[in-house]
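Structure, as structure tokens:
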Ligand SMILES: [Zn+2]
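In our numbering, the protein residues as written are 15 to 145.
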């Protein structure tokens, strides 16, 4: 398992990026219970519209707003998977760091890796709202 320190290092080798990707795919295949597009997605805490959420009974479902275009949806998936893999990054103060990792991984993932993540979103059903 890579740690958060591996992803905030000054120089991050391709090997680390590949391991982060593999961990995300492993999570998608065996840990994440569901991915859903949501017509009306709001943060339960304050009702503010959200692009994505990690939720569900075991905090292992990913919700993505239908307002996201393809690129935004893949970035949102990367973002929520980062919350999932590094579950100590779940309070509001970690948001900046999670966004930093999201941008880093988006930049460093290849077109093919991005498409593989998109495949999970293409197969996801659409629901009315997150409760
Ligand atoms: Zn977040």
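No residue lacks a Cβ here, since even glycine has one placed at the ideal position from N, Cα and C. Here the structure is a predicted model, which means the values were calculated and not measured.
Same chain, Cβ closer than 7 Å to residue i, five either side skipped, listed in chain order
i	result
residue 82	65 and 90
residue 158	Outside the shown range of the chain (15 to 145) lies residue 158, about which nothing can therefore be said.
residue 108	none
residue 142	53 and 54
Cβ-Cβ separation, residue j to residue i (assumed contact under 8 Å), whole Å
i	j	result
residue 33	residue 16	5 Å
residue 55	residue 144	5 Å
residue 116	residue 93	4 Å
residue 102	residue 68	Actually they are not in contact, since the Cβ atoms of residue 102 and residue 68 sit about 13 Å apart, beyond 8 Å.
residue 132	residue 84	6 Å
residue 95	residue 41	6 Å
residue 120	residue 80	Between residue 80 and residue 120 the Cβ distance is about 20 Å, and since that is not below 8 Å, they are no contact.
residue 21	residue 118	7 Å
Residue range of the beta strand (DSSP E) that includes residue i
i	result
residue 51	48-54
Same chain only: Cβ atoms within 6 Å of residue i, ignoring 5 sequence neighbours per side
i	result
residue 100	18
residue 122	31
residue 63	56
Those residues which DSSP pairs with residue i across a bridge
i	result
residue 66	78
residue 141	52
Residue j beta carbon less than 8 Å from that of residue i
i	j	result
residue 128	residue 73	no
residue 49	residue 76	yes
Span of the alpha helix (DSSP H) around residue i
i	result
residue 35	28-44
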